[in-house]
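Below: the structure, in C-alpha cells.
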Amino acid sequence: MIRPAVPEDVPAIVRLVRELADYERALHEVKATEDDFLRHLFGPEPRVFAHVAEHEGEVVGFALWFLTFSTWLGRHGIYLEDLYVRPRMRGRGYGKALLRELARIAVERGYGRIEWSVLNWNAPAIGFYKSLGAQPQDEWTVYRLTGKALADLGRSRSGRGEGADPAQISPDR
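Okay, structure coming up:
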C-alpha cells in the first residue's frame, strides 16, 4: 500500500534514509534526526513531503519530495530527493507504485515534471528509471554549495547589492 507519511512513520523513514545512504557509500554524511523530519514534514507549513510503501504493517520504502518551479514551463514540478525500497522488497512494484503516486499528484495539480538525481554507478536504479520512460539529462551538471563554501559565500560582503533586501535591489544601483 502507498500512502502519505504520518508522524508515526518518521522512525522508519530515518532508518530507510540511513540504509539508502549506506548503499550510496555516504552514511557518514547523514546528519538528519527524527526531530528534523518531524519538523519539516509535519510542521505548520511543510515544504517537503513523503509517501511510504507499506507491506503487512511495515514501512518498506519511501519517496521524499518537494516542489520546484520551472521558469521555462511556468509551472511547478516535483523534485524527488529520495526514493528507496528495502532490498528484500524490491521487484514487487513498490518503487513503481511510489513514482506512480507522485506522477498522479503532478498530473492532478498541473505540475510540469518530476526530476531527480541518481548516482552514475547505480545501474539497477538507472535501468528502473529508464523502464518507466524517464530520460537522463546528460547535458546538465549538478552543482552543490555546502559546508565552508556555503558559509563563506553567505558571509561575504563584496558584490553588487550586498546586504540589501532583494526586493529593494534595482538594476540601476
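Read left to right, the sequence shown gives residues 1 to 173 (UniProt numbering). Ideal Cβ positions, reconstructed from N, Cα and C, are used throughout, including at glycine. All of these numbers come straight from a predicted model, not from anything done at the bench.
Minimum C-alpha distance to residue i - residue among the options
i: Val59; options: Glu101, Gly74, Pro136 and Met1; result: Met1
i: Phe69; options: Tyr111, His55 and His40; result: Tyr111
i: Leu83; options: Val14, Arg39, Gly74 and Lys148; result: Val14
i: Asp50; options: Arg90, Leu27, Ala21 and Leu99; result: Sequence check: residue 50 is Ala here, not Asp. Considering only alpha carbons, the answer is Leu99.
i: Pro124; options: Thr141, Pro87 and Ala53; result: Pro87
i: Ala32; options: Arg18, Glu45 and Leu153; result: Arg18
i: Asp138; options: Phe128, Trp116 and Ala151; result: Trp116
i: Ala5; options: Arg25, Leu38 and Val52; result: Val52
i: Tyr23; options: Trp121, Arg109 and Trp140; result: Trp121
i: Arg47; options: Trp72, Glu81, Ala21 and Ala26; result: Glu81
i: His76; options: Arg109, Trp140 and Thr141; result: Arg109
i: Phe66; options: Glu56, Glu45 and Thr146; result: Glu45
i: Ala97; options: Leu73, Tyr129 and Gly74; result: Tyr129
Rounded Cβ spacing between residue i and residue j (contact assumed at less than 8 Å)
i: Gly61; j: Val30; result: Rounded, the Cβ-Cβ distance is 18 Å, inconsistent with contact.
i: Pro11; j: Phe42; result: Not quite, the Cβ-Cβ distance comes to about 13 Å (not below 8 Å), so this is no contact.
i: Ile114; j: Leu102; result: 6 Å
i: Ile126; j: Ala106; result: Contact doesn't hold; Cβ gap of about 21 Å is too wide.
i: Arg3; j: Glu54; result: 7 Å
Counted within 10 angstroms of its Cβ, other Cβ atoms place residue i as buried (16 or more) or exposed
i: Leu64; result: buried
i: Leu119; result: exposed
i: Leu16; result: buried
i: Gly95; result: buried
i: Asp9; result: buried
i: Leu20; result: buried
i: Asp36; result: exposed
beta-carbon residue i near the ligand HEM non-hydrogen atom, thresh 6 Å
i: Arg88; result: As far as ligands go, the structure on display features none, and thus does not contain the ligand HEM.
Q | In chain order, each beta strand (DSSP E) run of at least 3 residues that lies wholly inside the UniProt domain "N-acetyltransferase" (1 to 155) | A | 2 to 4, 48 to 55, 58 to 70, 75 to 85 and 114 to 116
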